[in-house]
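Residue numbers (the numbering used here), protein chains in the order written: chain L, 435 to 755; chain W, 435 to 755.
For every residue, glycine included, the Cβ atom is placed at its ideal position computed from N, Cα and C.
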């Protein structure tokens with residue numbers, strides 16, 4: 435996938451440039467720092483690819499791509515405060531390196547700067563982009579609130595969980611693609627299909643994340659296996675396991691939850707989730723959304739090659755699983 | 435001023451309506467609560483008045499007015515976290531009544547909802563409004579950061595202080611007026627004059643606030659006299675007193691700063707600031723900006739009566755001082 439590297443290098447160059455004034459330093463230095471921490475830049479890349487798919491030059495979508503990346507980083511800076519997370523991409527989070535007040539305020543201004551990027555387009559395009567972007571921004575906040583609410587809820591249904599991950603992570607992928615398509619000039623119907631492609635891909639990706647966290651290879655996943663289980667976090671795996679369990683199996687699940695030894699806890703959970711069919715269920719769900727994403731892509735009426743996005747979708751699901 | 439009451443009632447009715455979905459309750463309940471705490475609603479009122487001044491019906495400016503009020507409340511919710519303030523308008527702040535995470539996130543979504551209001555206008559008007567609004571939003575964040583930075587700075591100059599209050603509070607008044615004018619259809623030049631009117635009025639108002647805090651009547655100011663002095667807060671009064679003081683007077687100022695007894699501390703400060711001419715200096719500064727505001731209003735080319743805004747400007751300076 436040579437083209438992915440091209441987009442990625444183009445975005446990195448754009449992001450390494452200084453987009454913020456020098457002062458107040460305590461407001462903008464955290465943003466300079468955070469935006470250079472890296473990451474896959476998947477969202478802005480989707481905007482560029484969608485714009486190119488529409489037959490336009492991908493560079494035209496840069497402001498939309500930056501808006502999405504700024505928004506994503508704004509939400510990470512604030513989420514990190516809420517999660518009291520010390521690290522992000524192996525480096526100190528903003529509230530750790532500076533403090534919570536600075537993290538709140540620099541996050542706020544980054545959100546405003548995201549809007550600023552959208553204003554680079556003409557009035558009509560801007561209004562179209564703004565509608566998708568603003569709706570998405572609201573949904574991401576709602577998803578984050580649901581995620582926080584789930585921490586103290588005993589029974590989270592599969593439907594609630596899927597809606598939470600859809601809002602918290604998938605809609606922004608849809609938004610990134612739809613905005614790229616709008617900039618490139620696709621029809622309304624194709625813009626919606628691009629959105630659906632991203633939304634469904636995001637759902638599949640998040641379910642894959644849950645699966646990888648418990649059944650992945652530690653070296654390839656890049657983090658400790660079983661982190662979600664050790665934190666007793668609700669995931670599609672834990673929810674579907676609980677829902678498939680008979681009363682006596684529920685008791686075993688509960689006992690495992692209270693197991694102190696990490697290795698035992700993870701191994702027992704892997705075994706039971708597999709026995710209960712939760713693993714297979716989640717794999718099927720992941721496949722389903724992956725398939726839905728590709729279907730939406732194929733439905734697009736554009737005559738241009740969809741190879742890039744198709745490859746990306748398939749590439750994402752060759753992760754260490 | 436019958437008209438002020440009319441605008442105020444109209445705005446209260448609009449704000450008491452429910453503009454937010456029922457769920458997630460932890461995201462939207464805090465906003466319902468906070469927006470109903472009241473306040474003078476000065477900013478949205480300015481939008482309505484500017485729109486009427488332009489010869490349009492003031493109701494047309496409601497979305498712009500709500501955008502400004504939402505933005506103002508978003509910044510209050512986040513500022514309250516940063517200041518660890520337990521009360522706002524005599525009631526619990528959002529982070530006190532719920533928690534800091536909820537206050538961060540509901541503040542975030544309120545900012546997005548402010549943008550949403552602007553999208554109620556046609557594409558061309560929306561783009562004009564957006565430019566003023568976004569520039570202002572960035573400036574308010576910068577002003578808040580400067581204010582936080584000042585807390586740990588030993589020497590803040592008058593110029594820095596004035597720039598901080600201009601950014602933190604005045605530009606939003608300018609924005610409220612300019613947006614109302616844009617909705618009403620004023621010329622670009624008059625839109626800028628409306629902005630200047632608000633900006634200068636805001637500066638005068640903030641300097642008056644500093645003066646009232648030390649020299650006002652407790653019953654009319656509605657809070658304890660000398661709060662800024664007791665907190666050793668930097669204000670135009672303290673900065674100009676320090677700059678006017680001879681070396682021996684500087685020592686006296688320092689000694690007063692370290693005085694433990696509240697009553698003595700406030701009385702001695704009042705006396706010394708008056709002797710040093712700081713009080714008179716601030717009064718003159720306040721008058722200057724008040725005058726600049728009125729001048730900008732008079733310069734407007736619109737044939738319509740400017741009485742309402744003129745009265746409002748004068749009304750604001752009949753506060754217990």
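Burial state of residue i, where buried means 16 or more other Cβ atoms lie within 10 Å
| i | result |
| --- | --- |
| residue 521 (chain W) | exposed |
| residue 724 (chain W) | buried |
| residue 451 (chain W) | exposed |
| residue 529 (chain W) | buried |
| residue 587 (chain W) | exposed |
| residue 477 (chain L) | buried |
| residue 552 (chain W) | buried |
| residue 754 (chain L) | Any reading at residue 754 (chain L) must be qualified, since the residue scores a pLDDT of 47, below 50, and its modelled position is unreliable; the value itself is stated next. Classification of residue 754 (chain L): exposed, given that the 10 Å Cβ count is below 16. |
| residue 492 (chain W) | buried |
| residue 621 (chain L) | exposed |
| residue 713 (chain L) | buried |
| residue 689 (chain L) | exposed |
| residue 703 (chain W) | buried |
| residue 741 (chain L) | exposed |
| residue 633 (chain W) | buried |
| residue 668 (chain W) | buried |
| residue 749 (chain W) | exposed |
| residue 681 (chain W) | exposed |
| residue 501 (chain L) | buried |
| residue 507 (chain W) | buried |
| residue 524 (chain W) | exposed |
| residue 570 (chain L) | buried |
| residue 642 (chain W) | buried |
| residue 624 (chain W) | buried |
| residue 576 (chain W) | buried |
| residue 457 (chain L) | exposed |
Where the alpha helix (DSSP H) through residue i begins and ends
| i | result |
| --- | --- |
| residue 828 (chain W) | Here chain W comprises residues numbered 435 to 755, so residue 828 (chain W) is not present and cannot be evaluated. |
| residue 730 (chain W) | 712-733 |
| residue 476 (chain L) | 476-487 |
| residue 504 (chain W) | 496-516 |
| residue 583 (chain W) | 557-585 |
| residue 492 (chain W) | Counting along the chain, residue 492 (chain W) falls outside any alpha helix (DSSP H), and DSSP gives it neither H nor E. |
| residue 538 (chain L) | 534-552 |
| residue 690 (chain L) | 681-691 |
| residue 589 (chain L) | Here residue 589 (chain L) belongs to no alpha helix (DSSP H), and DSSP marks it neither H nor E. |
| residue 649 (chain W) | 622-649 |
| residue 662 (chain W) | 661-664 |
| residue 748 (chain L) | 741-750 |
| residue 610 (chain L) | 605-618 |
| residue 675 (chain L) | 670-678 |
| residue 527 (chain W) | Residue 527 (chain W) -> no alpha helix (DSSP H), and no H or E assigned at all. |
| residue 699 (chain W) | 696-709 |
Cβ separation of residue i and residue j, assumed to be a contact under 8 angstroms, to the nearest whole Å
| i | j | result |
| --- | --- | --- |
| residue 462 (chain L) | residue 454 (chain L) | 4 angstroms |
| residue 611 (chain W) | residue 628 (chain W) | 4 angstroms |
| residue 803 (chain W) | residue 482 (chain W) | Lying before the first or after the last residue shown, residue 803 (chain W) is absent from chain W, which here runs from 435 to 755. |
| residue 601 (chain L) | residue 574 (chain L) | 7 angstroms |
| residue 533 (chain L) | residue 549 (chain W) | The pair is not a contact, with the Cβ atoms about 27 angstroms apart (cut-off 8 angstroms). |
| residue 619 (chain L) | residue 488 (chain L) | 6 angstroms |
| residue 498 (chain W) | residue 617 (chain W) | 5 angstroms |
Residues from the segment 512-523 of chain W in contact with chain L, defined by Cβ distance under 8 angstroms: The residues in question are 512, 515, 516.
Interface residues of the segment 548-572 of chain W facing chain L [CB-CB below 7 angstroms]: Per Cβ criterion, the list reads 549, 550, 553, 557, 558, 560, 561, 564, 565, 568, 571, 572.
Validate contact between the segment 467-484 of chain W and the segment 575-589 of chain W using beta carbons, cut 8 angstroms, 3 pairs: Judged by Cβ distances under 8 angstroms, the segment 467-484 of chain W makes no contact with the segment 575-589 of chain W, as fewer than three pairs qualify.
Residues of the segment 477-502 of chain W whose Cβ lies closer than 8 angstroms to any Cβ of chain L, in chain order: Interface annotation for the segment 477-502 of chain W against chain L: empty, criterion Cβ-Cβ distance under 8 angstroms.
Residues in the segment 576-601 of chain L having any Cβ partner in chain W nearer than 7 angstroms: From the segment 576-601 of chain L, only 576, 578, 579, 580, 582, 583 have a Cβ closer than 7 angstroms to chain W.
Given 8 angstroms, three or more beta-carbon pairs between the segment 636-653 of chain W and the segment 710-722 of chain W: As far as the Cβ criterion goes, the segment 636-653 of chain W touches the segment 710-722 of chain W, which means the pair count is three or higher.
Chain L contacts from the segment 530-544 of chain W (Cβ-Cβ distance under 7 angstroms): When C-beta distances to chain L are compared with 7 angstroms, the residues of the segment 530-544 of chain W below that value are 535, 538, 539, 542, 543, in chain order.
Near-chain L residues of the segment 446-472 of chain W - C-beta to any C-beta below 7 angstroms: Correct list: 458, 460, 461.
At least 3 beta-carbon pairs within less than 8 angstroms: the segment 553-563 of chain W vs the segment 558-566 of chain L: Yes, since at least three Cβ pairs between the segment 553-563 of chain W and the segment 558-566 of chain L fall closer than 8 angstroms, the two stretches touch.
Given 8 angstroms, three or more beta-carbon pairs between the segment 509-518 of chain W and the segment 536-551 of chain L: Touching, yes.
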